[in-house]
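Since the structure comes first, as C-alpha cells, the remarks are kept for the end.
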Amino acid sequence: MILPKTNRLTPEQLDEITRIVTEFGCQIQPIVGAVRTIYAIVGDERDELMINRLEGLAYVDRIDRIQSPFKLMDKRSDLASHRIKLGGVTLGEDLLIIAGACTIDPKNPNFFYETAQAVKEAGAHVLRGGVWKPRTNPYTFQGDVKSLDILMEASRRTGLPVDSEVMEESHIKLALDAGVHSLQVGARNALNYSLLRAIGRAIATRDTAVLLKRSIHMGPLNEFISAAEYIAAFGNPNVILCPRGTTPTLDGYRNHPDESITPLLKEKTWAPVVVDPSHSVGKASYVPSAALAAVAYGADGLCIEAHVEPSKGIGDDPKQALTPDVLKKTITQAKQLWALRR
Ligand code: PEP
Ligand code: MN
2 MILPKTNRLT PEQLDEITRI VTEFGCQIQP IVGAVRTIYA IVGDERDELM
52 INRLEGLAYV DRIDRIQSPF KLMDKRSDLA SHRIKLGGVT LGEDLLIIAG
102 ACTIDPKNPN FFYETAQAVK EAGAHVLRGG VWKPRTNPYT FQGDVKSLDI
152 LMEASRRTGL PVDSEVMEES HIKLALDAGV HSLQVGARNA LNYSLLRAIG
202 RAIATRDTAV LLKRSIHMGP LNEFISAAEY IAAFGNPNVI LCPRGTTPTL
252 DGYRNHPDES ITPLLKEKTW APVVVDPSHS VGKASYVPSA ALAAVAYGAD
302 GLCIEAHVEP SKGIGDDPKQ ALTPDVLKKT ITQAKQLWAL RR
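Each residue of the sequence shown is one higher than the last, beginning at 2 in the numbering used here.
Put into C-alpha cells, the structure is as follows:
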C-alpha cells in the first residue's frame, strides 16, 4: 500500500508509480477514502527493488506492508480512519438503524409505502426492502423486479436511502441504475466471490455502501473480513459487516445468534458492524432483546425487519417483522444503550 505525502497523487505521479509496479508484474488500485486516497499494490508486492524504487520517490511518504489476508480491511490499515456515511449517519459516531420489510409485495405496494413511512417515524435512517429473494424452497415467491420501482418510490416519498439484496450480476446494474444506496449481499451469497468481485467493480467509483452478511455456516472471522476485502480491493471501501446468526441453530431460534462476535471482529478490522437480529432469532418476540444484545456487544447499527401488518406480509415478515410500535421502542432503547456505551 502506497501512502503519498499529500492526500492524493497527481495524474503524473500516478502514472509514474504505475509504470514502476508494472515492471514488476503488479498494478495499482486507488482506494478513495473520505479524506485521502491510498494506493494498493495489487500483485506480489514483496520485491525489495520495487519497494526501494517507490520509497525513493519524493512524493511518497511510506509503503505500508502489513502482513494480513485482508490488508485494506485490517484494523492496522491506513483505511482505518475511513468513515462510512449512510442515511445521514456516520458509522461509529451514531447508531445506524436500517429497517423495513423482508420482502416487498409487488401486488400490494401500499404495505411497503406505509411501512416505509412507519419505519421513518420510528427513527430508522435507512429503509430496507427485498426485491429479489433467496428462498430455500424453489416453489415459493422468489421476488419480482417490479418491486424495485416500489422500493425507489418509497425512498422518494420518505427521503430515506434504501438497502436491498442483489443475488446475481444482472441485479447489480438494475439496482444501481435505479439508485439503490446500499447493496446487500445475503448469507447464502456471502462467499460467492464472483458476485463480490462484480459488486466491487460496479461500485468502484460510486459512494454506494455494501451490507455484507455473514455466511450461514459459522463463517470464520477471517473468511468474513476477507469477503469484504474482495469488494474493497476494487476501490470502494464502504463495506459494512452484518452478523445475522449462523447454523447449527440454537434450538428454538431460526439460527444461532452471533452478535457476540462483534468485539472479535472489531479487534481485527475497522469495518463497521451492523447486526441483523431478525434473521438471527427468526421470531418477532425475540428480536428486541437480540437487538439490544447486539448494541451491548458493540454493534455500530442494527438491520431489523418491520412491517405495518406483519401477518399480511410475505417472505419472513409474518414471523419476523416488528410492528412499528415495537420497532420504535426497540430503537429508543437501543439508542439509550448506545449512549451508555460511549
Ligand atoms: C434478508 O435480509 O431478508 C435475507 C434473506 O437475509 P439473509 O441473507 O441474512 O438470510
Ligand atoms: Mn428476510
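Virtual Cβ for every residue (Gly too), placed ideally from N, Cα, C. As the structure is a prediction and not an experimental result, all values here were calculated from the model.
Taking C-beta atoms as the reference points, Leu92 and Pro264 fail to come closer than 8 Å. Cβ-Cβ separation between Asp277 and Lys214: approximately 7 Å, consistent with a contact (criterion under 8 Å). When the alpha-carbon of His182 is set against those of Ser148, Trp133, Leu128 and Ile98, the nearest one is in Leu128. Burial state of Asp252 is exposed, judged by a 10 Å Cβ sphere holding fewer than 16 other Cβ atoms. Nearest to Ser78 by C-alpha distance, out of Leu4, Arg202 and Asp259, is Leu4. Residue state for Leu161 is assigned as coil, using DSSP reduced to three classes. Ordered by chain, the residues meeting the criterion of a beta-carbon within less than 5 Å of a non-hydrogen atom of ligand 2 are Cys103 and Asp317.
Judged by the Cβ position, His172 fails to qualify as a neighbour of ligand 1 at the 7 Å threshold, every heavy atom of the ligand being at least this far. The Cβ atoms of Leu212 and Cys103 lie no closer than 8 Å to each other. With respect to the 8 Å criterion, Leu222 and Leu266 are classified as neighbours on the basis of their beta carbons. For Gln185, the distance from the CB to the nearest heavy atom of ligand 1 is below 7 Å. With a cutoff of 8 Å on beta-carbon distance, Val22 and Gln30 are scored as not near each other. In the three-state scheme derived from DSSP, where H, G and I count as helix and E and B as strand, Ser69 is classed as coil. By the Cβ neighbour-count rule, Thr333 is exposed, with fewer than 16 other Cβ atoms within 10 Å of its own. In the structure shown, the three-state DSSP call for Ile85 is coil.
Residue pairing for Tyr40: DSSP places it in a beta bridge opposite Ile3 and Pro31.
For Trp133, the pairing in a beta bridge is given by DSSP as Gly144. Three or more beta-carbon pairs separated by less than 8 Å are not found between the region 71–91 and the region 285–300, which leaves the two stretches without contact. Our two residues, Ile32 and Thr324, have alpha carbons roughly 40 Å apart in a direct line. Taking each of Met74, Val36 and His257 in turn and checking the Cα distance to Ser279, the smallest one comes out for His257. Cβ-Cβ distances below 6 Å link Thr38 to Arg9 and Pro31 in the same chain, with the five nearest sequence neighbours on each side left out; the list follows chain order.
Residue state for Val186 is assigned as strand, using DSSP reduced to three classes. CA-CA distance, Gly130 to Leu152, rounds to 7 Å.
Proximity to Ala205 across Ala234, Tyr60, Ser216 and Ala100 peaks at Ala234, based on C-alpha coordinates. In this structure, ligand 1 has no non-hydrogen atom nearer than 7 Å to the beta-carbon of Glu24. Shown here, Asp79 sits in a helix according to DSSP, grouped into three states. A contact is defined here as three or more CB-CB pairs under 8 Å, and the region 44–56 fails this definition with respect to the region 237–253. Taking Met219 as reference, the option from Pro244, Ile232 and Ala229 with the minimal CA-CA separation is Pro244.
In this model, Gln68 and Asn239 are separated by some 22 Å (Cα to Cα). Judged by pairs of C-beta atoms under 8 Å, the region 139–154 does not touch the region 185–204, as fewer than three such pairs exist.
Boundaries of the alpha helix (DSSP H) harbouring Leu266: Thr263 to Lys269, taken from the DSSP string.
Less than 8 Å divides the Cβ of His126 from the Cβ of Val90. The beta carbons of Ile85 and Ile226 sit no closer together than 8 Å.
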